[in-house]
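Asker:
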DNA sequence: TCGTTTCCTGACCATATGGTCAATACGAAA
DNA sequence: TTTCGTATTGACCATATGGTCAGGAAACGA
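Chains as they are written, first to last, in the numbering used here: chain A, 89 to 303; chain B, 89 to 303.
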């Protein structure tokens, strides 16, 4: 059976470079357009223009609009999961939650479009990633609740309902991406500067860490 | 000039009842559909079906889809402003912010669709209510910042950046509406009970009030 | 050079959707 | 009863959009 080997050898050439490069181009454009216009408001033509490719080319790499959207949402979810790891190897809430807030604020700054797509997806009832919510997200959440509960039992923080603490963390950090336009409008129409992002992150950390009695 | 009087007398009859009733019917259906499908994903036909009226009837009361959407967003903004008043007549942060959290959590529970429409509108760059953001919302925000700063100066709370405190308040309370589906999924697929809503509200209040050093 | 696979794209199609309109019914005042 | 402004609605239209396809170009191994 030399077949698979031959295929995989072919796939490692320049052709896959082209495929990967174009898929990335399309995914980046799609993420932006889906974020700014929503799934229904986004058009393949607009995504194509933003990617600098003919529309028919999109359908060569992604069979349908749904398939493209699905890939965008999955990408975001993976980024989300990466940040989640900052929670893990921490001795106490100050380091754990502090690092988590930091990671999520960084994501909000670097992937605002992705965050918006995720938010819209959930708001519409998670038609595409419902299974992820019920498996990966639920498992992750349960794990983190255990960790937080242990911190409480060890007297490292006040007895807060871990679930609502997690919601508060998600809400607060993602707000800086999802409602970035509102924040910018209230900031004299200017995007937050490096300094303002640091201040925001510090404010969030302080309020939450103090709020759970970890400081 | 008896004209206006006659018109206004006519307008107070049963006809205006019909108009008001149908507009309400349409607006309620539209709010729901816009929230669940987004502006682009919503169709006039779907809204019509949900309102129990023929599609052409919608266009009799609202000339275009945009006009209907505009009205929905404006309605939400008014509800939002009502809650804002709970902030005003309060002696200190515990009452003021406590009441504000309470009011906003109640809104999240009673108007989840409206909250989602608002969120989507802002996420898409506020194409419809940008002027509100720059006028009403900006003014309200500045006013509240002044109040919070006064509390800080009077030593009633820790020196937190008022702006980021407001963002945290908005983010946290609205999260329970906008991400209600996710919360429900993590709640064994069940909507929050009365008790759980109370617990959520209490958790949020506690963390924030403690976090700003008001307790 | 040749054969094969992958990639590219203009032109085209079927359908969904926002919006229009003319005909009609209805309710209230005269 | 007549009149007139309001409300109703089925049928219809123009357009936008997701998706298809055939023909050809480029890339690559032999």
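The beta carbon of each residue, even a glycine, is placed where N, CA and C say it ideally should be.
Quick one: what does DSSP say residue 193 of chain B is sitting in, helix, strand or coil?
Answerer: Residue 193 of chain B: helix per DSSP, three-state reduction.
Asker: Name, please, each residue of chain B whose Cβ falls closer than 8 Å to the Cβ of residue 258 of chain A.
Answerer: 263, 267, listed in chain order.
Asker: Between residue 68 of chain A and the rest of its own chain, which residues show a CB-CB distance below 8 Å, the 5 nearest in sequence each way excluded?
Answerer: Chain A is shown only over 89 to 303; residue 68 of chain A falls outside these bounds and no answer can be derived.
Asker: Please list, in chain order, all residues of the same chain as residue 240 of chain A whose beta carbon is under 6 Å from its beta carbon, the five residues on each side excluded.
Answerer: If we look at residue 240 of chain A and ignore the five residues flanking it on each side, its Cβ neighbours are 247.
Asker: Could you work out which residue in A:153, A:126, A:125 is closest to residue 132 of chain A when comparing CA atoms only?
Answerer: The residue with the shortest Cα to Cα distance from residue 132 of chain A is A:153.
Asker: Is the distance from the Cβ of residue 112 of chain B to the Cβ of residue 201 of chain B below 7 Å?
Answerer: Cβ distance not < 7 Å, so residue 112 of chain B and residue 201 of chain B don't count as in contact.
Asker: Would a check of beta-carbon distances place residue 153 of chain A closer than 7 Å to chain B?
Answerer: With 7 Å as the cut-off, residue 153 of chain A does not count as an interface residue toward chain B.
Asker: With DSSP as the reference, label residue 163 of chain B as helix, strand or coil.
Answerer: In this structure, residue 163 of chain B counts as helix in the three-state DSSP scheme.
Asker: Is residue 319 of chain B helix, strand or coil by DSSP?
Answerer: In the structure displayed, chain B extends from 89 to 303; residue 319 of chain B sits before or after that span and is not available.
Asker: Between the alpha carbons of residue 225 of chain B and residue 230 of chain A, how many angstroms are there, rounded?
Answerer: The straight-line gap from Cα to Cα measures roughly 38 Å.
Asker: Nearest chain A C-beta to residue 90 of chain B closer than 7 Å, yes or no?
Answerer: At residue 90 of chain B the pLDDT is 30, less than 50, meaning the model places this residue with poor confidence; the figure from the coordinates comes in the next sentence. No, its Cβ sits nowhere closer than 7 Å to a Cβ of chain A.
Asker: Quick one: which chain A residues come within Cβ less than 7 Å of residue 213 of chain B?
Answerer: Chain A residues near residue 213 of chain B: 124, 269.
Asker: Are the stretch 209 to 219 of chain B and the stretch 134 to 145 of chain B touching, with three or more C-beta to C-beta distances below 8 Å?
Answerer: At 8 Å Cβ cutoff, the stretches do not touch.
Asker: Considering only residues of the same chain and omitting the five flanking positions on each side of residue 264 of chain A, which have a CB-CB separation below 6 Å?
Answerer: Same-chain partners within the cutoff: 196.
Asker: Would a C-beta distance cut-off of 7 Å place residue 244 of chain A and residue 180 of chain A closer than the cut-off?
Answerer: Yes.
Asker: Thinking residue 213 of chain A and residue 199 of chain B are a contact (beta carbons under 8 Å), I'd like their distance in whole angstroms, please.
Answerer: In fact, because the Cβ distance is near 17 Å, the residues do not count as touching under 8 Å.
Asker: For the stretch 281 to 296 of chain A, list every residue whose C-beta sits within 9 Å of some C-beta in chain B, in sequence order.
Answerer: Answer set for the stretch 281 to 296 of chain A: 287, 288, 290, 291, 292, 294, 295, 296.
Asker: Under 7 Å, do residue 291 of chain B and residue 252 of chain A count as touching if we go by C-beta distance?
Answerer: It is a contact, given that the beta carbons lie within the stated cut-off.
Asker: I need the DSSP call for residue 280 of chain A, collapsed to helix, strand or coil.
Answerer: If DSSP states are grouped into helix, strand and coil, residue 280 of chain A belongs with coil.
Asker: What are the start and end residues of the alpha helix (DSSP H) that includes residue 222 of chain B?
Answerer: Where residue 222 of chain B is concerned, there is no enclosing alpha helix (DSSP H), given that its DSSP letter is neither H nor E.
Asker: Tell me the DSSP secondary structure of residue 378 of chain B in three-state form.
Answerer: Because residue 378 of chain B is not part of the residues shown, which for chain B are 89 to 303, the question remains open.
Asker: Using a Cβ-Cβ cutoff of less than 6 Å, which residues in the same chain neighbour residue 207 of chain A once the five nearest sequence positions on both sides are dropped?
Answerer: Cβ neighbours of residue 207 of chain A beyond the five flanking positions: 266.
Asker: Output the distance between the C-alpha atoms of residue 275 of chain B and residue 232 of chain A, rounded to the nearest integer angstrom.
Answerer: The straight-line gap from Cα to Cα measures roughly 15 Å.
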